[in-house]
Amino acid sequence: MKISRGEVILGRAFLLLMMLITVLPFISIFTTALYPSGTIPDGLSWPDNPQWGNFITAFKVANMSTLLKSSLSIVLMVVPIALLISTMAAFAIGQLRIPGANFLLFLFVFGLTLPMGGIIVPLYYMERAIGIYNTRFAIALPLIALYMPFSVYWMRTHFVNMPYEITEAAQVDGANTWDLFWRIHLPLAQAPITSLGILMSVWTWNQFLLALVLVENPAHRTMAGALGAFQGHYANDVPLLCAGTIVVLVPTLVIFVIFQRQIISAMLQGAIKG
Amino acid sequence: MPVSKKSIMKSKLKSDNSPVASSLSRRNSSNGIRRETIIGWLFVLPALAFYLFFVIFPLIMSVRYSFFNWNGINEMTFVGLKNYITVFKVPNLFGTIINAFQLVIYFSVFPVGIGLLIASIIHRVASGKFGEIARTILFLPQIIPLVAAGIIWGWLLSSSGLVNEILRGLGLDAITRAWLGDFTWALPAVGFIGVWVLLGFCTLLLVTGINKIDPSLYESARIDGATWWNEFTSITIPLLKNEIGVCLTVTVTNALAAFDIVYVTTAGGPGNATSVPGVQIYILAFTQQRIGLASALAVLLMIMVLIVVIPIQLLSKESA
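If you read the protein sequences in the order shown, they are chains A and B.
Counted the way this note's numbering counts, the first sequence spans residues 1 to 274.
Counted the way this note's numbering counts, the second sequence spans residues 1 to 320.
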């Protein structure tokens, strides 16, 4: 190794600078959140009289407890259904290789880079027509559908790489297709299913556009959707806005700290496969 | 390991349905094959139904709406390509497309470029604990909602925010301003937020790529006294084409389809300085009730994404 000491120091200093730029915004909104509500504080200085109560006020006015329940119920509706049906489809396409598998794969992959803005307007009128606009299904059902391209593609990569002998052996033994899927292939697919579940939970939690357009009451939206509404109301009260943002971010950050390895690796693998 | 697991399952299944087994394996007729096909398609059906109903159908409706004049309530009137012509003719609408491509430069070129730099530095001088901490911290912006990123930076870039405070501290009072309210600087400012969000993602993806490169390549280069720059240009970049392609695909899609950050920080303003297709579609459809025009822009947005993403995919896959 012929790396000079100067280079090591220089390189690490640069990394530190980059980390600082990443973290400073979080620190700044934290100190800002402690200023008296309604004042316009300075960027990074510690307040003379920190107002810890701002967090409680934000928690109350943002209706956090209802919001947490609503976000959680959307995640709990979307993620299990999306996982199950995408895994089933990917199993048929990648492992059973049903006739038409290539066409189906193409059809799903076509939707991979589809911008949500491309379909949001018809979705709104459709939901009004079928009566799910502004209900608990308004965000969940389209989200499940929007996750299909990625999740089918992701799970198919797993099933395509599973040796077909497993399927053949089970079929010779007389397993029907459901048994084959549920009892043999599903347990073997735990790792990619877990990563996919983590990814879809984060995406759902952070979903903004669907929530904004399809649900009027912010308390029935996702976390991100509600935060958008909160900003609309308190745009001029910077300390309270910052406190509200932190309150909304805390659950996400806690989850990230606990599952950081899984989240990071799932997101990276997801990008490579997608 | 898989063998034992498999055999356990096999025997379990055998005991479960052995009478059915013999009857099934004997029936090898076309009838049986057709039945298997039907069952296979039944597995795909739920996913397909959701996808067709909530994605493909609205997509087709977008195309259909784009040929009509409609306010969402009254009768629709067919206007042919008029909405598309309007998008290209009206500067405020066509400007959104120009802005989207400008955002591509900020959202893609900077995160990938700086990401490459950081990734190679981590690989060269921080392969241990320090590098790991750096990676985790840099990834942080990627997991928070874009709305939160928008709110945070909306405050930091305001006239009394942190960015200006730092500039004043450096004696640069002359250039302080309300960045997101400035006609010239608003779009670069929004672009900068995109860099902050996407940098960690690109960096980590590229670090994973670098770690896959055969270390002996770097070792022999170092024995020959290669500088960081030599390593970077003749080993790192050429062997990371695939990862760079993935980064570009993700970041370009994010830039063209941008909505959350722009909506929260500037809502397209000042004037139309930061207006992008996503935000303009929202405004046209839900505040101005011009559904046809909004849909024409939506169709163009989808085409734009495909036109840009397909070549990137082909190029990076080809060389891999």
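For each residue, glycine too, the CB sits at the ideal point set by N, CA and C.
Keep in mind it's a predicted model, so treat the numbers as computed, not measured.
Within its own chain, the residues whose Cβ lies closer than 8 Å to the Cβ of Thr86 of chain B, once the five positions on either side in sequence are excluded, are Leu93, Leu293 and Ala296, listed in chain order. Within the segment 190-231 of chain A, the complete alpha helix (DSSP H) runs of at least 4 residues fall at 190-205 and 209-214. Between Val152 of chain A and Ala89 of chain A the beta-carbon gap is near 5 Å, inside 8 Å, which marks them as a contact. Ranked by how close their Cα comes to the Cα of Gln269 of chain A, the residues A:Leu84, A:Ile193 and A:Gly6 have A:Ile193 in first place. Note that the C-beta distance between His185 of chain A and Met162 of chain A is below 8 Å. For Val104 of chain B, the closest alpha carbon among the candidates B:Ala255, B:Glu132, B:Leu162 and B:Val195 is that of B:Ala255. Looking at the backbone, the Cα of Ala258 of chain B and that of Ser316 of chain B are separated by about 24 Å. Between the alpha carbons of Gly244 of chain A and Ser70 of chain A lies a distance of about 17 Å.
At a cut-off of 8 Å between C-beta atoms, Ile121 of chain B counts as an interface residue with respect to chain A. Taking a cut-off of 8 Å on C-beta distances, the segment 260-268 of chain B touches the segment 180-198 of chain B, as three or more cross pairs fall below it. The segment 131-145 of chain A makes no contact with the segment 72-92 of chain B, as fewer than three CB pairs between them are under 8 Å. Per DSSP, His185 of chain A lies in no alpha helix (DSSP H) segment and is marked neither H nor E. Counting the other Cβ atoms within 10 Å of the Cβ of Asn206 of chain A gives 16 or more, which makes it buried. At a cut-off of 8 Å between C-beta atoms, Glu7 of chain A counts as an interface residue with respect to chain B.
By a beta-carbon distance limit of 8 Å, Ile281 of chain B does not contact Gly228 of chain A. Their separation comes to about 17 Å.
If you ignore the 5 residues before and after Ile118 of chain B, its C-beta comes within less than 6 Å of the C-beta of Thr203, all in its own chain and listed in chain order. With a 10 Å radius around the Cβ and a threshold of 16 neighbouring Cβ atoms, Trp46 of chain A comes out exposed. Close to chain A, meaning a Cβ-Cβ distance shorter than 9 Å, are the following residues of the segment 142-158 of chain B: Gln142, Ile143, Ile144, Pro145, Leu146, Val147, Ala148, Ala149, Gly150, Ile151, Ile152, Trp153, Gly154, Trp155, Leu156 and Ser158.
Taking 8 Å as the threshold, the shortest C-beta distance from Pro215 of chain B to chain A does not fall below it. The C-beta of Arg156 of chain A comes no closer than 8 Å to any C-beta of chain B. Within the segment 257-282 of chain B, Ala257, Phe259, Asp260, Val264, Pro277, Gly278 and Ile281 place their CB atoms closer than 7 Å to a CB of chain A, listed in sequence order. Classified as exposed, Thr39 of chain A has fewer than 16 neighbouring CB atoms from the shown chains inside 10 Å of its CB.
Of the other Cβ atoms in all chains shown, fewer than 16 fall within 10 Å of the Cβ of Tyr164 of chain A; this residue is therefore exposed.
Partner residues in the beta bridge of Phe78 of chain B, as assigned by DSSP, are B:Phe68. Contact between Pro270 of chain B and Leu301 of chain B is ruled out by a C-beta separation of about 23 Å, above the 8 Å threshold. Per the coordinates, the alpha-carbon of Gly131 of chain B lies some 15 Å from the alpha-carbon of Glu7 of chain A.
Taking a C-beta distance under 8 Å as the contact criterion, Ala266 of chain A and Ser195 of chain A qualify as a contact pair. Asn211 of chain B counts as exposed, since fewer than 16 other beta carbons sit within 10 angstroms of its beta carbon. Segment contact: the segment 62-75 of chain B against the segment 147-166 of chain B, fewer than three CB-CB distances shorter than 8 Å; contact not assigned. Taking C-beta atoms as the reference points, Pro142 of chain A and Leu210 of chain A count as a pair closer than 8 Å.
Taking 8 Å as the upper bound for CB-CB distance, Arg12 of chain A and Ala126 of chain B are in contact here, some 6 Å apart. The beta carbons of Met223 of chain A and Val254 of chain A sit no closer together than 8 Å.
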